[in-house]
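**Student:**
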Amino acid sequence: MDREKMVEELVKLVGKENVLSSETDLYLYGYDASLFRGKPDCIVLPGSTEEVSKIVKFAHEAGVHVVGRGSGTNLSGGTIPTQGGIVVHFSRMNRILEIDIENQRAVVEPGVFTLALKNALARYGYVYQPDPASEKVSTFGGNFGENSGGPHCLKYGVTTNHILGAEVVLYNGDVVHVGGKTLDNPGYDLTGVLVGSEGTLGIATKLILRIMPKPEAVKTMLAIYNTLEDAGKTVSAIIGDGIVPATLEMLDRLTIKAVEESIHAGFPLDAEAVLIIELDGLKDGMERLAERIMEICKKNNVREVKAAKTEAERMQLWAGRKGAFGAIARLRPNYLVCDGTVPRTKLPEVLTKVMEVGRKYDLSIANVFHAGDGNLHPLILFDERNEEELRKVHLAGSEIMKLCAEAGGTISGEHGIGTEKKKEMLFVFTPQDIGAMKKVKMAFDPEDIYNPGKVLPEIQE
Amino acid sequence: MPKTDKLFSKLREIIGEANVIQDPDKLKAYAIDGKKPKVIVSPGTIDEVSKVVAHANQQHLFITPRGNGTKMGMGGIPKKIDIILSTSQLNRITDSDCENLTLSAESGMTLDEVQKSLAKVGKGYFLPLDPPFTEKATLGGIIATNSSGPKRLLYGTVRDLIIGAKTVFPNGDIVVSGGKTVKNVSGYDMCKLLIGSYGTLGILCEMTFKLLPLPEKEATLLLSFAKLEEADNFVREMRGSQLIPSSIETLNAIAVQKMKYAISMPPNGNYLVAIGLEGVAESIDRQIFEMSEIGKKHGILEAVTLYSEKHQAFWIAIRDFSKGLTEKCPNLISLKSNFLISKSGEMLESYEKITQGLGIDGAFISHAGNGILYSYILPAKNFRSKIESLVELIGKLTFEAMKNEGNLVVESSPLSIKKKVDVWGQSRSDYLVVRRLKEQIDPGGILNIGRFVGGI
Chain B
376 MDREKMVEEL VKLVGKENVL SSETDLYLYG YDASLFRGKP DCIVLPGSTE
426 EVSKIVKFAH EAGVHVVGRG SGTNLSGGTI PTQGGIVVHF SRMNRILEID
476 IENQRAVVEP GVFTLALKNA LARYGYVYQP DPASEKVSTF GGNFGENSGG
526 PHCLKYGVTT NHILGAEVVL YNGDVVHVGG KTLDNPGYDL TGVLVGSEGT
576 LGIATKLILR IMPKPEAVKT MLAIYNTLED AGKTVSAIIG DGIVPATLEM
626 LDRLTIKAVE ESIHAGFPLD AEAVLIIELD GLKDGMERLA ERIMEICKKN
676 NVREVKAAKT EAERMQLWAG RKGAFGAIAR LRPNYLVCDG TVPRTKLPEV
726 LTKVMEVGRK YDLSIANVFH AGDGNLHPLI LFDERNEEEL RKVHLAGSEI
776 MKLCAEAGGT ISGEHGIGTE KKKEMLFVFT PQDIGAMKKV KMAFDPEDIY
826 NPGKVLPEIQ E
Chain H
15 MPKTDKLFSK LREIIGEANV IQDPDKLKAY AIDGKKPKVI VSPGTIDEVS
65 KVVAHANQQH LFITPRGNGT KMGMGGIPKK IDIILSTSQL NRITDSDCEN
115 LTLSAESGMT LDEVQKSLAK VGKGYFLPLD PPFTEKATLG GIIATNSSGP
165 KRLLYGTVRD LIIGAKTVFP NGDIVVSGGK TVKNVSGYDM CKLLIGSYGT
215 LGILCEMTFK LLPLPEKEAT LLLSFAKLEE ADNFVREMRG SQLIPSSIET
265 LNAIAVQKMK YAISMPPNGN YLVAIGLEGV AESIDRQIFE MSEIGKKHGI
315 LEAVTLYSEK HQAFWIAIRD FSKGLTEKCP NLISLKSNFL ISKSGEMLES
365 YEKITQGLGI DGAFISHAGN GILYSYILPA KNFRSKIESL VELIGKLTFE
415 AMKNEGNLVV ESSPLSIKKK VDVWGQSRSD YLVVRRLKEQ IDPGGILNIG
465 RFVGGI
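Following this line, the structure appears as structure tokens:
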């Protein structure tokens with residue numbers, strides 16, 4: 376269908392002001408936080424479920440692809456319209472529909488920012504636990520699509536453990552409700568399958584979230600190390616001792632340098648690595664647990680462990696962690712974030728290998744990641760204008776995924792497969808495994824309307 | 015040679031003579047809702063499962079998977095059973111990595127076997143699941159039926175604990191999903207699809223779970239109340255507090271009486287709230303104190319604490335409530351309702367009223383922190399003459415759950431009731447996707463047909 380006609384039809388559905396199609400718009404909605412680029416045919420900004428349904432019904436009838444989009448913080452090219460089509464942008468559907476304290480649920484539209492809900496819950500003494508680093512702007516639709524993680528997911532689980540239901544628009548515009556405010560509804564767990572499906576199975580127009588009372592007590596510590604290896608060994612040892620803190624985050628030397636230059640979180644510049652260890656829950660026994668952790672740190676040659684004495688100090692440490700990606704972006708024009716995840720016991724050995732890959736290709740790698748989950752984030756720094764460097768970056772990224780897979784891990788812990796890691800899916804899955812996933816795609820979206828060309832690699836059937 | 019014999023000789027070829035049972039007495043014992051299988055097969059490896067399933071798919075033989083048979087009464091009436099595929103010989107721990115807090119095991123192992131083995135490692139670990147009949151229930155059955163217990167309040171359910179699975183799909187493909195990392199977004203989360211799918215999409219063969227270290231200390235706090243309103247107000251305050259109980263169960267007087275753990279309730283005691291606590295030692299003592307104080311505000315009659323063996327025995331009695339009950343009451347009907355958490359008190363009240371109104375005894379146990387209520391309907395004499403009123407009762411109870419955004423599932427009942435109700439409750443708008451998934455994954459329609467939602 377030609378673009379003019381498409382725009383004309385969509386304007387009838389949502390109004391002129393809610394359809395964008397200038398060259399600038401098409402450029403702006405053609406990229407996300409990954410290294411990929413695409414170009415949509417147009418962008419629509421629906422204001423209601425009904426409008427989304429109409430848009431999708433139109434797209435289905437016209438045989439046009441549909442790609443859902445929140446704030447575009449996606450790190451694997453999941454929101455790139457690689458085959459054109461309509462980008463459905465959820466900035467207008469950004470209402471918190473309900474905060475239902477007595478049922479411990481919140482209902483939101485997909486365009487709500489993660490932090491906006493957290494701020495709204497704070498006055499009730501409630502929290503929504505998952506905390507992606509981009510929570511200031513990351514939307515719930517995006518969290519749902521990507522099954523986002525974050526530091527506190529170590530103890531509380533990732534997005535999928537906190538989304539209990541959704542209103543979903545199917546490929547033909549039909550609207551269904553999956554899950555609900557109540558638990559254990561009969562039928563397949565469609566909510567569970569939709570979360571993390573990267574917009575390839577359906578578009579959520581409403582999400583039902585689990586919220587819980589804020590923990591009674593919290594204690595945050597900064598452990599400072601002279602070697603990256605000792606920090607890694609500490610992480611394995613804490614989990615190996617059966618302690619699951621609320622967070623167990625690691626930042627290496629290069630990250631610390633970048634963070635201190637921009638955010639001043641108070642990380643020592645001469646350290647090779649720091650760990651941010653947070654405990655939360657009941658106040659009882661927390662000091663004793665903190666001491667056990669300090670013992671483990673000491674056994675693994677920690678230089679110093681500092682505890683945040685005030686909430687302001689704690690917030691400062693977290694500002695350093697959450698601002699790390701942004702800070703690193705100041706070092707070189709571009710970075711590629713890897714997301715390989717390994718069993719926690721393999722962390723020290725895999726970290727060493729990651730740094731070897733950096734040396735092999737003569738690339739700088741900064742590490743800032745969810746160590747307690749075994750979820751690495753090596754950031755490979757480069758300048759995309761240097762084609763030779765860019766080529767090496769892709770090779771190094773793939774090699775890191777390979778070594779994570781070989782260590783019994785996987786290629787993505789929380790950023791998704793998107794456009795970027797499709798080929799590498801075969802590091803961890805057989806064609807039969809992929810074939811089974813394709814059946815799920817066929818059941819939800821038999822005509823490949825939604826986000827085509829993502830997640831699943833081509834296989835010989 | 016009759017045609018069926020030819021089909022089954024291939025099974026003998028795949029898994030060996032000894033693992034194919036056609037003895038009529040055994041077949042009769044494995045019947046479900048009166049439907050007898052033609053053969054029982056017990057493959058010893060995942061490869062064998064794959065070959066058996068592929069063969070059945072080619073020959074269009076109906077398969078019903080089975081672990082230890084604790085849940086065979088659940089689900090709808092099977093359409094037809096040719097093969098019962100028993101997982102009894104898939105019973106190995108394949109990867110115990112307590113230092114990573116993960117464990118992989120085959121589906122035929124019982125949860126008890128797994129827990130016993132984990133308790134012996136280092137300072138001791140466990141898989142934080144406490145569904146009914148753990149000494150018999152297999153991992154595969156627990157996952158396939160999404161079975162859970164009181165501790166779900168703290169630890170969640172199977173969907174929060176499983177991180178990987180190896181499944182044989184109806185075409186015989188061995189499909190791996192997830193892995194042994196606690197975070198994983200590589201491809202679709204196929205594990206979620208299999209949880210609670212009643213073996214209609216694939217045969218679960220091996221799973222990987224998240225583990226936790228055994229808690230330092232455990233205890234039970236039992237609080238008795240005269241009025242449901244008081245018990246409910248107490249539970250409400252519990253739910254909104256920062257205290258962290260592992261379970262909150264509310265029982266009515268009949269449930270307390272019928273339970274296989276003797277509790278002497280005070281004279282006016284009509285409701286029991288049982289709170290499970292586990293964690294660091296200091297937290298247990300303080301929570302018992304604070305909860306008892308909160309209880310006083312809401313008119314508790316008595317507070318009793320249980321430790322060690324008594325604590326364990328109490329929770330086993332709650333978990334396995336229906337065990338033994340069926341012997342005394344062969345027409346027992348077990349129902350599971352879900353609803354909004356805040357409606358726990360109202361639901362229990364309406365369920366008691368409805369059963370009393372029909373002159374039927376009902377034991378009720380509510381996961382009061384999760385919005386789940388188990389009802390055990392105990393029809394007295396003249397069961398046959400009461401079938402109509404029991405069907406009416408199930409309809410009324412379903413309606414109450416639906417008013418509160420929930421539903422009602424008949425977990426077990428005499429066949430005469432099963433024939434007259436939809437055991438899966440009211441159908442939902444997402445059923446069309448559920449059906450399409452079944453059609454895509456099992457186009458030949460061979461896996462456990464008839465027992466799942468909508469007759470799938």
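From first to last, the protein sequence lines stand for chains B and H.
Quick note on the numbering used here: the first sequence kicks off at 376 and runs consecutively.
Quick note on the numbering used here: the second sequence kicks off at 15 and runs consecutively.
The C-beta atom is built at its ideal place from N, Cα and C for all residues, glycine as well.
Because the structure is a prediction, the values reported are computed rather than measured.
#1: In whole angstroms, give me the CA-to-CA distance for Ile-188/H and Asp-334/H.
#2: Would you report the Cα separation of Ser-156/H and Gly-641/B, rounded to the nearest angstrom?
#3: Exposed or buried, Pro-457/H, counting other C-beta atoms within 10 Å across all chains shown (16 or more means buried)?
#4: Going along the chain, which residues of the segment 430-451 of chain H sit with their C-beta nearer than 8 Å to a C-beta in chain B?
#5: Chain B beta carbons: is any one of them nearer than 7 Å to that of Gln-72/H?
#6: Please list, in chain order, the residues of the segment 520-543 of chain B that have any C-beta partner in chain D closer than 9 Å.
#7: Determine, using beta carbons only, whether His-552/B comes closer than 7 Å to chain H.
#8: Does DSSP put Val-249/H in a helix, in a strand, or in coil?
#9: Leu-711/B by DSSP, collapsed to three states: which one?
#10: I need the straight-line Cα distance from Glu-384/B to Phe-433/B, nearest angstrom please.
#11: Could you tell me which residues DSSP puts in a beta bridge with Tyr-390/H?
#12: Where does the unbroken alpha helix (DSSP H) through Ile-583/B begin, and where does it stop?
#13: Is the number of C-beta pairs between the segment 313-321 of chain H and the segment 527-535 of chain B that are closer than 8 Å three or more?
#14: Name, please, each residue of chain H whose Cβ falls closer than 7 Å to the Cβ of Thr-557/B.
#15: Between the segment 326-353 of chain H and chain B, which residues of the former have CB atoms less than 9 Å from a CB of the latter, in chain order?
#16: Pick helix, strand or coil for Met-15/H, following the three-state DSSP scheme.
#17: Give the residues of chain H in contact with Met-812/B, contact being defined as C-beta atoms less than 7 Å apart.
#18: So Leu-411/H packs on Ser-351/H, CB below 8 Å; how close in whole Å?
#19: Kindly list, in the order they appear in chain H, the residues whose Cβ is closer than 9 Å to that of Arg-444/B.
#20: Find the residues of chain H that neighbour Ser-787/B, judging by a C-beta separation of less than 7 Å, and give them in chain order.
#21: Going by beta-carbon coordinates alone, are Asn-826/B and Gly-577/B separated by less than 7 Å?
#22: Can you tell me the Cβ-Cβ gap for Lys-862/B and Val-487/B, rounded? I've got them flagged as a contact below 8 Å.
#23: Would the beta-carbon of Gln-103/H be found less than 6 Å away from any heavy atom of the ligand GTP?
#24: Classify Ser-572/B as buried or exposed, calling it buried when 16 or more other Cβ atoms lie within 10 Å of its own Cβ.
#25: Roughly how many angstroms lie between the CA atoms of Ser-261/H and Leu-765/B, to the nearest whole one?
#26: So is Gly-617/B in contact with chain H if we call contact Cβ pairs under 7 Å?
#27: Considering only residues of the same chain and omitting the five flanking positions on each side of Gly-698/B, which have a CB-CB separation below 6 Å?
#28: Output the distance between the C-alpha atoms of Asn-536/B and Asp-174/H, rounded to the nearest integer angstrom.
#29: Which residues share a DSSP beta bridge with Arg-480/B?
#30: Please state the DSSP three-state secondary structure of Ile-156/H.
#31: DSSP beta-bridge partners for Tyr-285/H?
#32: Less than 7 Å separating the beta-carbons of Val-462/B and Val-442/B?
#33: If I follow the unbroken alpha helix (DSSP H) through Arg-766/B, where does it start and stop?
#34: For Thr-575/B, which three-state DSSP category applies?
#35: Please tell me whether Thr-720/B and Ser-787/B are closer than 7 Å, where the distance is taken between their beta carbons.
#36: What separation, rounded to the nearest whole angstrom, lies between the Cα atoms of Lys-274/H and Gly-409/H?
**Tutor:** Answer, in terms of the structure:
#1: Each residue's Cα considered, the two are about 34 Å apart.
#2: Before going on, a small fix: residue 156/H reads as Ile here, not Ser. The C-alpha of Gly-641/B is placed about 49 Å away from the C-alpha of Ile-156/H.
#3: Of the residues assessed, Pro-457/H falls on the exposed side of the cut-off, its CB having fewer than 16 other CB atoms within 10 angstroms.
#4: Contact residues of the segment 430-451 of chain H toward chain B are Trp-438, Gly-439, Arg-442, Ser-443, Asp-444, Tyr-445, Leu-446, Val-447, Val-448, Arg-450, Leu-451 (C-beta to C-beta distance below 8 Å).
#5: Output row for Gln-72/H: interface = no.
#6: In the structure shown, chain D does not exist; the protein chains are B and H.
#7: So, interface residue.
#8: Correct three-state label for Val-249/H: helix.
#9: The three-state reading of DSSP puts Leu-711/B in strand, counting E and B together.
#10: Roughly 8 Å between the two C-alpha positions.
#11: Its beta-bridge partners are Ser-348/H, Ala-377/H.
#12: No alpha helix (DSSP H) contains Ile-583/B, which is instead part of the beta strand (DSSP E) from 578-585.
#13: Proximity of the segment 313-321 of chain H to the segment 527-535 of chain B falls short of the contact definition, fewer than three beta-carbon pairs being nearer than 8 Å.
#14: Under the 7 Å cutoff, chain H gives Asn-352, Phe-353, Leu-354, Gly-385, Glu-419, Gly-420.
#15: Cβ contacts with chain B: Lys-350, Asn-352, Phe-353.
#16: Residue placement at Met-15/H is poorly supported in this model, since its pLDDT is 45, which falls under 50; the coordinates are not used for a value here.
#17: Result: Gly-201, Tyr-202, Met-204.
#18: Your pair Leu-411/H and Ser-351/H checks out as a contact, with CB atoms roughly 7 Å apart and the cut at 8 Å.
#19: Within chain H, no residue comes near Arg-444/B; the closest Cβ sits about 18 Å away, beyond 9 Å.
#20: Neighbours of Ser-787/B in chain H, taken as residues at a C-beta separation under 7 Å, are given in chain order as Val-199, Ser-200.
#21: No, the pair does not count as a contact, with Cβ atoms beyond the cut-off.
#22: One cannot answer for residue 862/B here, as it falls past the ends of chain B, which runs 376 to 836.
#23: What this structure holds is no ligand at all, so the ligand GTP is not there to describe.
#24: With 16 or more Cβ atoms within 10 Å of its Cβ, Ser-572/B is classed as buried.
#25: Spanning the two alpha carbons is a distance of roughly 54 Å.
#26: The beta carbon of Gly-617/B sits closer than 7 Å to some beta carbon of chain H.
#27: Non-local beta-carbon contacts of Gly-698/B in its own chain, meaning distances under 6 Å to residues more than five positions away in sequence, involve Ile-638 in chain order.
#28: Roughly 6 Å separates the two Cα atoms.
#29: Residue pairing for Arg-480/B: DSSP places it in a beta bridge opposite Asp-475/B, Arg-585/B.
#30: In the structure shown, Ile-156/H sits in a helix (DSSP, three-state: H, G or I).
#31: Tyr-285/H pairs with Phe-239/H, Asn-266/H.
#32: Yes, Cβ-Cβ distance for Val-462/B and Val-442/B is below 7 Å.
#33: Arg-766/B: member of the alpha helix (DSSP H) spanning 762-781, first to last residue.
#34: Of the three classes helix, strand and coil, the one that applies to Thr-575/B here is coil, per DSSP.
#35: Cβ atoms of Thr-720/B and Ser-787/B: not closer than 7 Å.
#36: Whole-angstrom Cα-Cα distance: 29 Å.
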